[in-house]
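K.L.:
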Amino acid sequence: MMLAPLEPKHATQINSWRIKERRTLRTPFMRSDAEQLKFQDDLPNCSRRRFFAIIQENELLACGGFTGIIWESKIAEVSLIVDPEKRGNGRECAKLLLDEAFLNMGLQTVHGEVYYCGNVSFWEKLLDELEDVYETEYHTLQWRKYWQGKLYDSLYFAFHLPPEKMLAQI
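Under the working numbering, the first residue of the sequence shown carries the number 1, and numbering increases by one thereafter.
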């Protein structure tokens with residue numbers, strides 16, 4: 001499994017996942033295939049976003065990356081959408097993204113938010129699994145997503161690079 005550049009051929013597939021997983025989206029709207037392609041085309045021109053295709057054996061498994069990057073503060077929000085037909089690869093995809101953030105991009109905090117109408121347990125398990133690697137935190141935020149007539153809370157979470165590992169980057 002590896003990170004690779006997003007290509008135009010990925011846009012339709014990623015957009016179909018977004019439509020299937022609409023309850024989990026942090027963006028309040030669906031995109032057309034053309035809008036997804038434009039989003040991907042605009043990525044190289046925006047320093048506050050980095051997104052990747054996550055590939056295994058030449059097959060697209062997921063799309064993920066970072067948005068709201070604040071380079072001066074070394075912080076970004078993680079985004080991950082896994083092919084709904086290929087569940088079970090999410091942990092490895094998330095770990096690849098964290099490695100990219102901390103080892104290659106020089107970030108010190110990666111945070112995220114997942115709605116309780118989505119897959120909160122995935123991130124809770126990952127936080128538990130990685131608490132010996134990173135400093136982790138999580139909180140419940142109230143009334144964050146309106147979905148199908150109901151207002152849902154969310155789980156806000158963060159992975160922080162421990163100070164001793166920050167010093168190793170200098």
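For every residue, glycine included, the Cβ atom is placed at its ideal position computed from N, Cα and C.
Remember, it's a predicted structure, so these values are computed and weren't measured experimentally.
1. Would the beta-carbon of E77 fall within 8 Å of that of G112?
2. With C-beta atoms as the reference, is W143 less than 8 Å away from R23?
3. Along the beta strand (DSSP E) that carries F157, what are the first and last residues, could you check?
4. With H, G and I counted as helix, E and B as strand and the rest as coil, what does DSSP make of C93?
5. What would DSSP say about L141, mapped onto helix, strand or coil?
6. Can you grab the Cα-Cα spacing for the pair L127 / F159, in whole Å?
7. Specify the secondary structure class of R48 as computed by DSSP and reduced to three states.
P.N.:
In brief:
1. yes
2. no
3. 150 to 160
4. helix
5. strand
6. 8 Å
7. coil
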